[in-house]
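2 protein chains.
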Amino acid sequence: MAGHRFSVPRFEGVSQEQFIEHLYPQRKPLVLEGIDLGACTSKWTVDYLSQIGGRKEVKIHVAAVAQMDFISKNFVYRTLPFDKLVQRAAEEKHTEFFISEDEKYYLRSLGEDPRKVMDNFLIQVTGKKRVVLFSPRDAQYLYLSGSKSQVLNIDNPDLAKYPLFSKARRYECSLKAGDVLFIPALWFHNVISEEFGVGVNVFWKHLPSECYDKTDTYGNKDLTAASRAVQILDRALKTLAELPEEYRDFYARRMVLHIQDKAYSKNFE
Amino acid sequence: MAGHRFSVPRFEGVSQEQFIEHLYPQRKPLVLEGIDLGACTSKWTVDYLSQIGGRKEVKIHVAAVAQMDFISKNFVYRTLPFDKLVQRAAEEKHTEFFISEDEKYYLRSLGEDPRKVMDNFLIQVTGKKRVVLFSPRDAQYLYLSGSKSQVLNIDNPDLAKYPLFSKARRYECSLKAGDVLFIPALWFHNVISEEFGVGVNVFWKHLPSECYDKTDTYGNKDLTAASRAVQILDRALKTLAELPEEYRDFYARRMVLHIQDKAYSKNFE
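As you go down the protein sequences, you meet chains A and B in turn.
The first sequence begins at 2 in our numbering and counts up one residue at a time.
The second sequence begins at 2 in our numbering and counts up one residue at a time.
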């Protein structure tokens, strides 16, 4: 792959004040090491979780591969008692399974993956993950379907189908138990669990709360100003649609140049 | 230059009906040969023009080179009696001159070059021109300033300054006396006179007249639907401007994808 690759920087022993004053304002992903997460990193073993969680039934995603595809939906929904799920998820090979003896399990507590309008700490309590992030600046290279990239096999992308993907700058990190990854709002992330583990996401609002959709508990919706802008844009496009194709195409391109000139960041990092 | 080059197709002995039915709807430049233009092609000699035009003073563009640059304005305005102008313009080298003995003269009767919202016949009555055209589809490679390309030296462009210009498809033709070039609305054209000559442009409206700005005698203004669309777009951008830079940039890029999806022609010829 021709694209640029970067390691997500790691910082050890950063205080809350240092983070807020020096790191947070840069709006770039970073890994914090050695944050005191309490007893969970050692306590949340398979046995402990099974015991605490009990037999309450949970709805899980089951897939043949580690990479869930939320566009083509390469997974099935199944139900298992929580303790059973934890035990199965921690196995290398399964004797009891839904699809195959190598199947992977994924439980998320909030149902839908929160969209990326909020800032996020991904706290790796136990286990290992590999996370690859892409800047919102590179959205045009990611072949979005809604807010998700269609390019799932990021390590071996189909460049005939997704030629621009090679231009996307790739920020990569490996998370081990105790690591905290800061994912700024709008950054795309592609996560692979490398072993059984528990991650906890903490989301918060970076902007004043009036910027966010009030009906939006989980941060799934676009910022209100952005939704309004797109609605107004749709009115502009309706006007343009009165013109024959060649004129509409020409003026649409002029509108794009206008947006690029007026609203794109001049800061091309 | 790496770009694609095409010859503008030439058609001989095409009737009005054939043109309107088969050629005009393709909305591509073409040269009509052998159209009966009346006596002008033989009659409009230097002597005849001098005699008919007389000594009436006319305001002309005078430049050291054949390519007038209407962005950087590489020319000066001067006044000459019409007969004097015609004689000087027909000379190889000038004994009387404003700038240099090789200076070029250009007289246009309508003042401003009409913008490209109307269809156009460029009728080459006498003399020779080389015309290079670019499709409105390639506007994004032409580094527009207003409706004009900043790339003037199209035969030897500064690709360090204008790297995308090499992607623009170039349509070229040489016009001799009697040729009629059809320039569809919105097509960019770059004209070099290769010898003294007279061209007559005939503009007409391709779309129903309510599509055009009524205050716009010379076709200088954008189509009304396009002007309205850009005004509405400006309101959308004003809304987006409420957001901090990183969010504004992200949603502006989403708006661009939206325009490309909704309003760009899917016909990528």
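Each residue gets a CB set at the ideal place from its N, CA and C atoms; glycine is no exception.
Nothing here was measured: the structure is a model prediction, and the numbers come from that model.
When you compare only the Cα positions, how much space is there between residue i and residue j?
i, j, result
"Asn-154/A", "Gly-14/A", "34 Å"
"Ala-230/A", "Arg-249/B", "10 Å"
"Phe-1/A", "Val-77/A", "Since the first and last residues shown for chain A are 2 and 270, residue 1/A lies out of range."
"Phe-7/B", "Thr-216/A", "56 Å"
"Thr-42/A", "Leu-176/A", "13 Å"
"Tyr-213/A", "Ile-193/A", "30 Å"
"Lys-149/B", "Gln-232/B", "21 Å"
"Gly-112/A", "Val-59/A", "Because the pLDDT at Gly-112/A is just 47, under 50, the model does not fix this residue reliably, and the value given afterwards should be weighed accordingly. Each residue's Cα considered, the two are about 11 Å apart."
"Leu-160/B", "Tyr-144/B", "11 Å"
"His-5/A", "Arg-254/B", "21 Å"
"Gly-39/B", "Trp-45/B", "11 Å"
"His-207/B", "Leu-234/B", "26 Å"
"Phe-20/A", "Asp-180/A", "15 Å"
"Asp-156/B", "Tyr-172/A", "42 Å"
"Asp-139/A", "Leu-241/B", "19 Å"
"Asn-191/A", "Asp-37/A", "26 Å"
"Glu-34/B", "Lys-168/A", "48 Å"
"Gln-261/B", "Lys-162/A", "18 Å"
"Val-47/B", "Asn-75/B", "27 Å"
"Glu-97/A", "Ser-266/A", "53 Å"
"Leu-50/B", "Phe-251/A", "40 Å"
"Gln-52/B", "Glu-243/A", "50 Å"
"Glu-18/A", "Tyr-25/A", "10 Å"
"Val-63/B", "Glu-92/B", "14 Å"
Where DSSP assigns a beta bridge to residue i, which residues make up the other side?
i, result
"Cys-174/A", "Val-132/A"
"Ser-210/B", "For Ser-210/B, which the question treats as bridged, DSSP gives no partner whatsoever."
"Val-32/B", "Arg-11/B and Leu-182/B"
"Glu-97/A", "DSSP, once it has assigned bridges, lists no residue as partnering Glu-97/A."
"Gly-39/A", "Paired residue(s): none; Gly-39/A is not in a bridge."
"Tyr-106/B", "Val-63/B"
"Asp-120/A", "Trp-205/A"
"Phe-76/B", "Ala-64/B"
"Ser-228/B", "Ser-228/B pairs with nothing; no bridge assigned."
"Gly-198/A", "According to DSSP, which records beta bridges pairwise, Gly-198/A is partnered with nothing at all."
"Val-192/A", "Val-132/A"
"Gln-261/A", "Answer is none; Gln-261/A lacks a bridge partner."
"Arg-6/B", "Arg-171/B"
"Gln-125/B", "Gly-200/B"
Using a Cβ-Cβ cutoff of less than 6 Å, which residues in the same chain neighbour residue i once the five nearest sequence positions on both sides are dropped?
i, result
"Glu-102/A", "Lys-94 and His-95"
"Pro-158/B", "Val-152 and Phe-166"
"Cys-174/B", "Val-9, Val-32 and Val-132"
"Ala-90/A", "Tyr-106 and Phe-197"
"Glu-22/A", "none"
"Asn-268/B", "none"
"Ala-67/A", "Lys-105 and Ile-193"
"Leu-134/B", "Pro-30, Tyr-172, Trp-188 and His-190"
"Val-203/B", "Phe-122"
For residue i, tell me which candidate among the options has the shortest Cα-Cα distance.
i, options, result
"Arg-236/B", "Lys-263/A, Phe-122/A, Asp-139/A and Gly-35/A", "Lys-263/A"
"Phe-12/B", "Leu-208/B, Phe-183/B, Leu-234/B and Ser-228/B", "Phe-183/B"
"Pro-30/A", "Ile-72/A, Asp-120/A and Thr-80/A", "Asp-120/A"
"Asp-223/B", "Leu-187/B, Asp-156/B and Gln-27/B", "Leu-187/B"
"Leu-258/A", "Pro-209/B, Tyr-142/B and Glu-246/B", "Tyr-142/B"
"Glu-104/B", "Thr-127/B, Ala-253/B and Ala-65/B", "Ala-65/B"
"Trp-205/B", "Arg-28/B, Tyr-49/B and Phe-122/B", "Phe-122/B"
"Arg-28/A", "Ser-266/A, Glu-246/A, Ser-136/A and Leu-244/A", "Ser-136/A"
"Ser-210/A", "Val-118/A, Lys-57/A and Ser-16/A", "Val-118/A"
"Pro-185/A", "Leu-134/B, Glu-247/B, Tyr-252/B and Val-203/B", "Glu-247/B"
"Ala-226/B", "Met-69/A, Val-203/A, Arg-56/A and Pro-245/A", "Pro-245/A"
Helix, strand or coil for residue i, going by three-state DSSP, please let me know.
i, result
"Leu-81/B", "strand"
"Asp-48/A", "helix"
"Lys-149/A", "strand"
"Thr-240/B", "helix"
"Glu-58/B", "strand"
"Ile-233/A", "helix"
"Met-69/A", "coil"
"Glu-247/A", "helix"
"Pro-137/A", "helix"
"Ala-161/A", "coil"
"Ala-253/A", "helix"
Below 7 Å, is the gap between the Cβ of residue i and the nearest heavy atom of the ligand ATP?
i, result
"Phe-197/B", "Looking for the ligand ATP in the displayed structure turns up nothing, as the structure carries no ligands at all."
For residue i, return the contacting residues in chain E, with the cut-off set at a CB-CB distance below 9 Å.
i, result
"Ala-161/A", "Absent from the structure is chain E; the protein chains it does hold are A and B."
Return the chain-ordered list of same chain residues with a C-beta closer than 7 Å to the C-beta of residue i, the five sequence neighbours on each side being excluded.
i, result
"Gly-54/B", "Phe-83, Asp-84 and Val-87"
"Ser-146/B", "Ile-72"
"Val-201/A", "Ile-124 and Val-126"
Looking only at its chain, what residues have a beta carbon closer than 8 Å to the beta carbon of residue i, apart from the 5 residues adjacent to it on each side?
i, result
"Ile-61/B", "Tyr-78, Arg-79, Thr-80, Leu-81, Leu-86, Tyr-106, Tyr-107 and Leu-108"
"Lys-129/B", "Ser-175, Leu-176, Lys-177, Ala-178, Ser-194, Glu-195, Glu-196 and Gly-198"
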